[in-house]
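Trainee: Structure in structure tokens, see below.
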């Protein structure tokens, strides 16, 4: 825990240096610059640049902090005014930021409503855009192994888990809606876990360094690497709808910025997000270029 806190403090200091902000003010906003955070994987990079582009189209300068950190690094930076927006997920906000109780029946709209109300009540943070797709956590294994052992759902792993190592992103192994939730609901534990950023996690299962991973449902590497995403047959994991969040103060002071970000409301379905991720992972395009072409194609911004 001490290392985690120290890491967060280090990120905060870097943010203050990079943005020219300090605890006493928001100097960059006086120049019309909006700072956008992102998490540590491709989808978050693309969404950050997409947000930047709609804001630039509305006349703002932007500063994208690509790969700023995990959930709490971004969220604490948001509350402190060191960034002004980033893309979060309802299930993550519900379980990690708000620490709400796990539900026996995960209803998407209930989770969204409770997340929206909870963020406002707890931190005066508001959802300004529901992007239109879900990127859920899932357990994935290699397709050939799954076929050989007739494994199609998470409960099918029970006879094998004690001898399996699962690769996870930096958060899933320890967060309440991750492996601890799988253990609680399904009643088994994996032999070991290895944590890494998403790219390394996917490469690990491709090279047989791990037997399963905490996959993302919008990640096309599930298909490219021939992985089978297992059914969550006991409904252990919550929905993870993608949302843009800001502080209430920022929204009140910057209505034009909010209007620009709301152009992304419902703009991206799950298949589209998967295709955009494919362009990053497989075609190796830059996230800003991916975001720009999508927005132009959809008529959300004008091309040059």
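Residue numbers (the numbering used here): 14 to 317.
All C-beta atoms in this analysis are idealised placements derived from N, C-alpha and C, irrespective of residue type, glycine included.
For the beta strand (DSSP E) containing residue 48, name the first residue and the last one.
Mentor: Counting along the chain, the beta strand (DSSP E) containing residue 48 begins and ends at 46 to 50.
Trainee: Starting from residue 185, trace the beta strand (DSSP E) in both directions and tell me its first and last residue.
Mentor: From DSSP, residue 185 is part of no beta strand (DSSP E); its letter is neither H nor E.
Trainee: In the DSSP assignment, the beta strand (DSSP E) including residue 140 goes from what residue to what residue?
Mentor: Residues 138 to 147.
Trainee: Please report the distance separating the alpha-carbon of residue 198 from that of residue 187.
Mentor: Each residue's Cα considered, the two are about 15 Å apart.
Trainee: Taking just the CA atoms, how far does residue 162 sit from residue 93?
Mentor: Going by the C-alpha atoms only, they are around 50 Å apart.
Trainee: Could you name the residues of the same chain whose beta carbon sits closer than 7 Å to that of residue 57, not counting the 5 residues immediately before and after it, in chain order?
Mentor: 51 and 100, listed in sequence order.
Trainee: For the beta strand (DSSP E) containing residue 257, name the first residue and the last one.
Mentor: Its beta strand (DSSP E) spans residues 254 to 260.
Trainee: The beta strand (DSSP E) that contains residue 154, what's its start and end?
Mentor: From DSSP, the beta strand (DSSP E) with residue 154 extends over 150 to 155.
Trainee: Can you name the residues that DSSP bridges to residue 226?
Mentor: In DSSP, residue 226 forms a bridge with 153 and 180.
Trainee: Measuring CB to CB, does residue 215 end up less than 9 Å from residue 228?
Mentor: Yes, the Cβ-Cβ distance between residue 215 and residue 228 is below 9 Å.
Trainee: For residue 244, which of 170, 292 and 85 has the nearest alpha-carbon?
Mentor: That would be 170, whose Cα lies nearest to the Cα of residue 244.
Trainee: Taking only the alpha-carbon atoms, compute the straight-line gap between residue 211 and residue 193 and give it to the nearest angstrom.
Mentor: Using only the alpha carbons, I get a separation of about 19 Å.
Trainee: Return the CA-CA distance between residue 256 and residue 106, expressed in angstroms with no decimal places.
Mentor: Their Cα atoms are separated by approximately 10 Å.
Trainee: CA-CA distance, residue 68 and residue 103?
Mentor: So the alpha carbons of these two residues sit roughly 23 Å apart.
Trainee: Would you kindly work out how many angstroms separate the C-alpha atoms of residue 297 and residue 307, rounded to a whole number?
Mentor: Distance between the alpha carbons of residue 297 and residue 307: 16 Å.
Trainee: Please work out which residues of its chain come closer than 7 Å, Cβ to Cβ, to residue 36, disregarding the five sequence neighbours upstream and downstream, and give them in chain order.
Mentor: Legend: pLDDT at residue 36 = 43, less than 50; position of this residue unreliable, no value from coordinates given.
Trainee: For residue 155 and residue 299, I'd like the C-alpha separation in whole angstroms.
Mentor: Near 28 Å, if we compare the C-alpha coordinates of residue 299 and residue 155.
Trainee: At a cut-off of 8 Å, is residue 189 close to the ligand FMN when judged by its beta-carbon and the heavy atoms of the ligand?
Mentor: Looking for the ligand FMN in the displayed structure turns up nothing, as the structure carries no ligands at all.
Trainee: Short of 7 Å in beta carbon distance, which residues of its chain neighbour residue 252, apart from the five on each side in sequence? Order them along the chain.
Mentor: Result list for residue 252: 103, 104, 119, 121, 124, 147 and 149, in chain order.
Trainee: Are the Cβ atoms of residue 64 and residue 139 separated by less than 9 Å?
Mentor: No, these two residues do not count as a Cβ contact at 9 Å.
Trainee: Between which two residues does the alpha helix (DSSP H) containing residue 61 stretch?
Mentor: Run containing residue 61: 55 to 70, per the alpha helix (DSSP H) assignment.
Trainee: At the level of alpha carbons, what is the spacing between residue 264 and residue 270?
Mentor: Residue 264 and residue 270: Cα-Cα distance of roughly 8 Å.
Trainee: CA-CA distance, residue 233 and residue 132?
Mentor: Each residue's Cα considered, the two are about 31 Å apart.
Trainee: Distance, Cα to Cα, residue 172 vs residue 164?
Mentor: So the alpha carbons of these two residues sit roughly 10 Å apart.
Trainee: How should residue 220 be labelled, buried or exposed, when 16 other C-beta atoms within 10 angstroms of its C-beta is the threshold for buried?
Mentor: It counts as exposed.
Trainee: How many angstroms separate the CA atom of residue 46 from the CA atom of residue 76?
Mentor: Cα to Cα, residue 46 sits roughly 7 Å from residue 76.
Trainee: Give the range of the beta strand (DSSP E) segment to which residue 100 is assigned.
Mentor: Counting along the chain, the beta strand (DSSP E) containing residue 100 begins and ends at 99 to 102.
Trainee: Bridge partners for residue 240 per DSSP, in chain order?
Mentor: 155, per the DSSP bridge assignment.
Trainee: Using the C-alpha atoms, what's the distance from residue 196 back to residue 43?
Mentor: Note that residue 43 has pLDDT 47, beneath the 50 cutoff, so the model's placement of it is unreliable and the number below is only indicative. Those two C-alpha atoms are separated by around 49 Å.
Trainee: Mapping the DSSP letters down to three states, classify residue 233 as helix, strand or coil.
Mentor: Reduced to three states, the DSSP call for residue 233 is coil.
Trainee: Buried or exposed for residue 254, going by 16 or more other Cβ atoms inside 10 Å?
Mentor: Residue 254 is buried by the Cβ-count criterion.
Trainee: Skipping 5 residues on each side, what residues in its chain have a beta carbon closer than 7 Å to that of residue 176?
Mentor: Closer than 7 Å at Cβ, skipping near neighbours: 204.
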